[in-house]
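**Student:** Here it is, the structure, as structure tokens.
Listed below in structure tokens is the structure:
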């Protein structure tokens with residue numbers, strides 16, 4: 001059961017600086033859904049043990065049978081995260097959308113990106129950047145959605161490929177460089193520098209399947225205290241061509257010391273080295289070695305966990321030591337923008353009307369007291385299949401159950417009555433993956449599902465309380481629509 005209530009979620013919805021709306025995007029089978037499980041387990045929606053295997057976001061029967069995500073799925077999560085500003089753990093709300101990776105379902109990715117401000121790009125470190133990785137990343141940049149990177153399936157490097165730590169580093173670096181080439185090709189200057197760099201904290205590594213992950217920031221905190229150095233400097237030293245000379249107790253960019261001996265890269269020595277040793281010791285059943293390492297890390301097995309061996313033990317130990325949710329949560333909160341920040345530079349892409357009218361100003365400032373501007377990005381079938389939820393995001397104002405609104409379809413033009421309906425919203429609900437939760441109202445910066453407007457919206461549309469508001473801009477799809485029609489000849493001879 002979730003470790004939070006609808007009341008807690010509603011309370012934090014008013015604090016836009018504590019909200020993050022993000023999607024998980026990647027090539028097919030690179031591990032988006034298994035990675036999303038880590039965040040769901042931290043929120044209490046699924047258990048730690050089932051994280052990676054549950055694939056909670058794949059709620060449809062055909063998705064479970066085929067093992068691929070077909071429809072994008074949204075869930076609202078409540079977390080407490082320590083921002084290390086001296087204020088202790090602070091509540092945060094994450095609107096998470098898991099999207100498909102297959103090219104056939106790219107329209108679902110477009111719908112997800114339109115209503116999110118950030119994206120975690122998942123890359124399989126063995127396969128590297130694939131065709132669809134470039135496609136979805138290009139879509140994100142066109143929508144001015146800020147990316148972060150998760151280098152996934154690190155466990156394959158250790159268990160399957162049997163790489164040494166330097167080979168792993170080279171494989172990770174290659175994946176990051178390929179992502180940066182795509183970003184440099186398609187990004188604009190409105191969001192600032194978007195280059196992926198583990199040294200600044202917008203890259204994490206790990207195994208979504210086994211629920212563990214880390215960033216250089218995580219290890220920099222530990223080693224900065226031990227060595228008595230600045231944490232930011234330590235982060236820089238833990239990536240790139242930095243080597244630690246233990247004899248002289250200095251960091252250097254030279255791989256060889258004064259005596260001609262090879263030095264080990266900081267990332268390999270202080271991060272991948274311990275991870276590699278611990279995993280191999282567990283999988284080789286070297287109890288003496290892994291128990292000693294666990295003791296130094298403060299990991300204690302309790303109850304049934306003492307009977308674990310092999311992969312189940314490795315998964316439990318790694319989740320206890322470096323849980324993927326911790327690194328993901330820190331990266332989402334520190335690296336991805338809040339709605340208030342993101343909508344300042346996204347409004348030009350989002351809104352079709354003048355940039356100085358009431359609707360544009362409400363979107364730009366993310367003002368909950370302004371007129372309602374809500375974009376419906378897709379229609380989601382209800383459980384009984386007889387109705388649809390209109391799933392979208394509030395960009396300005398507040399939407400509430402029973403509220404009278406203007407529903408403007410794709411063909412609506414300001415001043416006309418074509419494709420316009422003035423109706424009341426029956427109910428507002430939160431999407432929780434496979435379930436929904438009723439909520440009285442939802443302010444701007446948050447995702448929401450509406451009941452009672454499905455007969456007026458075909459696929460996407462604008463919902464507003466302003467009479468002179470223009471529509472939100474149509475989504476730009478990465479593929480052209482294709483329609484196949486079969487016909488019979490008029491004459492049998494033809």
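Residue numbers (the UniProt record's numbering): 1 to 494.
Ideal Cβ placement from N, Cα and C applies to all residues, glycine included.
Just so it is clear, the structure is predicted and the values come from calculations on it, not from any experiment.
Does DSSP classify residue 375 as helix, strand or coil?
**Tutor:** Three-state result, residue 375: strand.
**Student:** Taking Cβ positions, are residue 238 and residue 216 nearer each other than 8 angstroms?
**Tutor:** Yes.
**Student:** Can you say whether residue 411 is buried or exposed, counting buried as having 16 or more other CB atoms within 10 angstroms of its CB?
**Tutor:** Under this definition residue 411 is an exposed residue.
**Student:** When burial is assigned at 16 or more other CB atoms within 10 Å of the CB, is residue 94 buried or exposed?
**Tutor:** With 16 or more Cβ atoms within 10 Å of its Cβ, residue 94 is classed as buried.
**Student:** In terms of residue numbering, what span does the beta strand (DSSP E) encompassing residue 152 cover?
**Tutor:** Element bounds for residue 152: 146-152.
**Student:** Is the beta carbon of residue 206 sitting closer than 8 angstroms to the one on residue 219?
**Tutor:** In this structure, residue 219 does not lie closer than 8 angstroms to residue 206 by Cβ.
**Student:** My guess is that residue 395 and residue 74 are in contact by the Cβ rule of under 8 angstroms, so how many angstroms apart are they, rounded?
**Tutor:** That belief does not hold up - the Cβ atoms of residue 395 and residue 74 are roughly 16 angstroms apart, past 8 angstroms.
**Student:** Between the C-alpha atoms of residue 372 and residue 203, what's the straight-line distance to the nearest angstrom?
**Tutor:** Cα to Cα, residue 372 sits roughly 36 angstroms from residue 203.
**Student:** Taking residue 202 as part of the alpha helix (DSSP H), name the residues at either end of that continuous run.
**Tutor:** Note, residue 202: premise wrong, no alpha helix (DSSP H); not H, not E.
**Student:** In the DSSP assignment, what residue or residues form a beta bridge with residue 333?
**Tutor:** Per DSSP, none; premise fails for residue 333.
**Student:** Measuring CA to CA, which of 129, 135, 454 and 130 is closest to residue 110?
**Tutor:** Out of 129, 135, 454 and 130, 135 has the C-alpha closest to the C-alpha of residue 110.
**Student:** Within 8 angstroms, do at least three Cβ pairs link the stretch 393-409 to the stretch 363-370?
**Tutor:** As far as the Cβ criterion goes, the stretch 363-370 touches the stretch 393-409, which means the pair count is three or higher.
**Student:** Cα-Cα, which of 299, 423 and 429 is closest to residue 442?
**Tutor:** The shortest Cα separation from residue 442 among 299, 423 and 429 belongs to 429.
**Student:** From 229, 470 and 183, pick the residue whose C-alpha is nearest to that of residue 145; which is it?
**Tutor:** Out of 229, 470 and 183, 183 has the C-alpha closest to the C-alpha of residue 145.
**Student:** For the putative contact between residue 25 and residue 121, defined by C-beta atoms under 8 angstroms, what is the C-beta separation to the nearest angstrom?
**Tutor:** Their Cβ separation, rounded to whole angstroms, is 6 angstroms, which keeps residue 25 and residue 121 in contact under 8 angstroms.
**Student:** What's the gap between the Cα of residue 17 and the Cα of residue 261?
**Tutor:** Between residue 17 and residue 261, the C-alpha separation is close to 50 angstroms.
**Student:** Quick check on the burial criterion: 16 or more other C-beta atoms within 10 angstroms. Buried or exposed for residue 285?
**Tutor:** So residue 285 counts as exposed.
**Student:** Alpha carbon to alpha carbon, what distance is there between residue 466 and residue 414?
**Tutor:** Taking the straight line joining both Cα atoms gives about 11 angstroms.
**Student:** When DSSP builds the beta bridges, which residues end up paired with residue 74?
**Tutor:** BP columns for residue 74 point to 97.
**Student:** Looking at the structure shown, is residue 316 part of a helix, part of a strand, or coil, going by DSSP?
**Tutor:** Looking at residue 316 - three-state DSSP - the assignment turns out to be helix.
**Student:** Does DSSP classify residue 13 as helix, strand or coil?
**Tutor:** Of the three classes helix, strand and coil, the one that applies to residue 13 here is helix, per DSSP.
**Student:** Measuring straight from C-alpha to C-alpha, what distance separates residue 140 and residue 31?
**Tutor:** Whole-angstrom Cα-Cα distance: 18 angstroms.
**Student:** According to DSSP, is residue 7 part of a helix, a strand, or is it coil?
**Tutor:** Note: residue 7 maps to helix in three-state DSSP.
**Student:** Starting from residue 425, trace the alpha helix (DSSP H) both ways and give me its first and last residue.
**Tutor:** No alpha helix (DSSP H) holds residue 425; DSSP gives it neither H nor E.
**Student:** By the 10 Å Cβ neighbour count, where 16 or more other Cβ atoms means buried, how is residue 426 classified, buried or exposed?
**Tutor:** Flag for residue 426 reads exposed.
**Student:** If you pair each beta-carbon of the stretch 235-249 with each one of the stretch 260-274, do three or more pairs fall below 8 angstroms?
**Tutor:** Yes: the two stretches touch, three or more of their Cβ pairs being nearer than 8 angstroms.
**Student:** Quick check on residue 314: buried or exposed, where buried means 16 or more other Cβ atoms within 10 Å of its Cβ?
**Tutor:** Residue 314 should be labelled buried.
**Student:** Examine the Cβ distances between the stretch 338-349 and the stretch 303-322 and report whether three or more of them are shorter than 8 angstroms.
**Tutor:** Too few Cβ pairs lie closer than 8 angstroms, so no.
**Student:** Residue 283 to residue 474, Cα distance in whole Å?
**Tutor:** About 52 angstroms.
**Student:** Examine the Cβ distances between the stretch 288-300 and the stretch 317-326 and report whether three or more of them are shorter than 8 angstroms.
**Tutor:** The answer is yes - the stretch 317-326 touches the stretch 288-300, with three or more Cβ pairs under 8 angstroms.
**Student:** Here's the rule I'm using: 16 or more other beta-carbon atoms within 10 Å means buried, otherwise exposed. How should residue 298 be labelled?
**Tutor:** Answer is exposed; the Cβ neighbour count stays below 16.
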